[in-house]
Every structure is written in C-alpha cells, then in structure tokens.
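Student: Residues in the sequence shown are numbered consecutively from 0, following numbering that gives the first Met the number 0. Got a structure for you, questions after.
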Amino acid sequence: MKRKLPIFLTAVLVLVGLLAVQLNPGAHAAVAAADHDPGVGEHLEGLDVDTVDWKAKNDSYWEAALTPAQYQVCRRAGTERPWTGATLNNKKAGVFACSSCGQPLFPAETKFESGTGWPSFYAPVSQSSVSIKADLAMGMLREEVVCSRCDAHLGHVFNDGPAPTGKRYCINSVCLLRQDATEPKAPKAPPSQDNGNGH
Ligand SMILES: [Zn+2]
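Structure below.
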C-alpha cells in the first residue's frame, strides 16, 4: 500500500499536466485572434485603393495617415520587435495586403512557421506585387522587400525558405493587412436580364 500511493499521485500529476498542455493552445489562440495590428489600415477605409496614386504621397501624408509603429517600420525601414505582430499566428485563408496602400501581397497559403518571430512567406501573390532592392544598412548585403505600388518597406527576403521556391520573405506584421478569402473581390455584375437560373 505504501508503494501504491506515490504511483497514484504521479498518475494524477501527469493527468493534470496533460490537461494544462491541452488548455494552453486555446488561450494562445485567443490572444492572437486579432486580424492585424491595432489601427493599421484605418486610413484605407472608404477609399478605392486601386485608383489612388500611392507613389505621389509625400512623407507628411504617411506620417499623418499611419500609426506611429507602422510609419516607423513601413516608411522609415524600421523593424518591429519579433513575436509581437498580430498577424504572426494568423492562419486563416485569404491574402495579406500592404497596410499602406491595400495592394494584395502574400497569399495566406504561402505563409509558414519560420521560428523567427516575424510573419514569413515563401512566395508573393505575383512577382510584380513586390520589388527587391539591395540593402547594405546593417553592414551586410541583404535583399529588401518593398511594395511595388507604394514603395512601403515590408521586410527582407532570404534564400533559406521552404519548397517550392526556397525563398523566405520575412515581413513585418505591421506592414500587413489581413483580407479574408470571403471578402468580395469581383467587380459588380453588370445589370442583365435575369433568366431565373441564378448563376
Ligand atoms: Zn503598398
């Protein structure tokens, strides 16, 4: 009997431990539930973002339009602290757009867990959606990724990503805006005779 009690206690402790591990992912998901960082993208509300001449916007426009953190990273080529971005753990289907101008940049299906603390993708929506520039700022040659429509600094691209591209686009969360897959993208259907067949 003296030997059985510790075994029983050990079993209870193991069960409690397993329960705690089970509960933890749920709590973590709740913290990361926001679609993007607070305030990011608010200046785009109500705008037809495809018709704006984004490259004509000057620095004072951006400073007024963006959140301080967004301005510092996207317009001053800063880097946000790792593991802090609201889109880091977002795994929902859809596309991540530029938080400065709304251009679609990275499909959610190319997002992968890089372990770096920054949202990471292996491919952009298209090669024309981002521009790559040489960056010598840190005393080494890196490839800077910028939005092709508004020149926002997004992050850097490295050659240690997964298949099929082998690329790792390491992007600041604050430069990204979530767009859900269900969001209407198609132009409004022209008025036509309804033949009763639906679509
Ligand atoms: Zn942009």
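For each residue, glycine too, the CB sits at the ideal point set by N, CA and C. This one's a predicted model, so the numbers in the text were calculated from it and none came from an experiment.
If you measure from the CB of Cys146, is any heavy atom of ligand 3 nearer than 6 Å?
Tutor: Absence of ligand 3 is noted for the structure shown, with ligand 1 being the only ligands found.
Student: Starting from the C-beta of Ala122, find all residues in its chain whose C-beta is less than 6 Å away, skip the five residues before and the five after it, and write them out in chain order.
Tutor: Residue numbering aside, residue 122 sits at position 123 when the sequence shown is read from its first letter. Once the five neighbours on either side are set aside, the close Cβ partners of Ala122 are Thr109, Thr164.
Student: Taking 6 Å as the cut-off, is the C-beta of Ala151 nearer than that to any heavy atom in ligand 1?
Tutor: Translated into the one-based positions of the sequence shown, residue 151 becomes position 152. Checking the Cβ of Ala151 against ligand 1 gives yes.
Student: Tell me, please, whether the stretch 133 to 145 touches the stretch 110 to 121 by the rule of three or more beta-carbon pairs shorter than 8 Å.
Tutor: Short answer: they don't touch.
Student: Got a sec? Which residues, its chain only, sit under 6 Å from Gly154 by beta carbon, not counting five neighbours each side?
Tutor: Taking the first residue of the sequence shown as 1, we reach residue 154 at position 155. Within the same chain, Gly154 has close Cβ partners Val144, Cys169, Ile170, Asn171.
Student: Assuming contact is defined by CB atoms lying nearer than 7 Å, are Ala162 and Cys97 in contact in what I supplied?
Tutor: One-based indexing of the sequence shown puts residue 162 at position 163. One-based indexing of the sequence shown puts residue 97 at position 98. Not closer than 7 Å, so no.
Student: For the candidate residues Cys100, Val94, Ala63, Pro106, whose alpha-carbon lies nearest to that of Leu46?
Tutor: Numbered from its first residue, the sequence shown carries residue 46 at position 47. Ranking Cys100, Val94, Ala63, Pro106 by Cα distance to Leu46 puts Cys100 first.
Student: Out of Arg167, Lys54, Asp36, state which residue places its alpha-carbon closest to the alpha-carbon of Leu87.
Tutor: Here residue 87 refers to the residue found at position 88 of the sequence shown. Ranking Arg167, Lys54, Asp36 by Cα distance to Leu87 puts Asp36 first.
Student: Does any heavy atom of ligand 1 sit closer than 6 Å to the C-beta of Cys97?
Tutor: Here the question's residue 97 lines up with position 98 in the sequence shown. Under cutoff, so the answer is yes.
Student: Taking the alpha carbon of Pro106 as the reference point, which residue from Val124, Ser119, Trp117, Pro118 has its own alpha carbon closest?
Tutor: By one-based count along the sequence shown, residue 106 stands at place 107. Looking at the Cα atoms, Val124 is the closest of the given residues.
Student: Considering only their Cβ atoms, is the gap separating Val48 from Gln69 smaller than 7 Å?
Tutor: As a first step, residue 69 must be located in the sequence shown, where it is residue number 70. As a first step, residue 48 must be located in the sequence shown, where it is residue number 49. Not a contact, by the Cβ cut-off of 7 Å.
Student: Got a sec: does ligand 1 put a non-hydrogen atom nearer than 6 Å to the Cβ of Gln69?
Tutor: The count along the sequence shown starts at 1 and reaches residue 69 at position 70. Incorrect: Gln69 has no Cβ contact closer than 6 Å to ligand 1.
Student: So, helix, strand or coil for Glu143, using DSSP?
Tutor: Working through the sequence shown from its first residue, we reach residue 143 at position 144. Glu143: strand per DSSP, three-state reduction.
Student: Kindly examine ligand 1 and report whether one of its heavy atoms sits closer than 6 Å to the Cβ of Gln126.
Tutor: Here residue 126 is taken as the residue at index 127 of the sequence shown, counted from 1. It does not: the Cβ of Gln126 is nowhere closer than 6 Å to a heavy atom of ligand 1.
Student: Out of curiosity, what's the CA-to-CA distance linking Val156 and His42?
Tutor: Against the sequence shown, residue 156 aligns to sequence position 157. Against the sequence shown, residue 42 aligns to sequence position 43. Near 27 Å, if we compare the C-alpha coordinates of His42 and Val156.
Student: Quick one: does the C-beta of Cys100 sit closer than 6 Å to a heavy atom of ligand 1?
Tutor: The residue you call residue 100 lines up with position 101 of the sequence shown. Checking the Cβ of Cys100 against ligand 1 gives yes.
Student: By DSSP, does His35 sit in helix, in strand, or in coil?
Tutor: Along the sequence shown, one-based indexing puts residue 35 at 36. In this structure, His35 counts as coil in the three-state DSSP scheme.
Student: When you compare only the Cα positions, how much space is there between Gln178 and Asn89?
Tutor: In the sequence shown, residue 178 corresponds to position 179, counting from 1. In the sequence shown, residue 89 corresponds to position 90, counting from 1. Using only the alpha carbons, I get a separation of about 11 Å.
Student: What residues in its chain sit with their C-beta under 8 Å from that of Val51, if we drop five residues either side in the sequence?
Tutor: Counting from 1 along the sequence shown, the entry for residue 51 is found at position 52. Answer for Val51: Cys100, listed in chain order.
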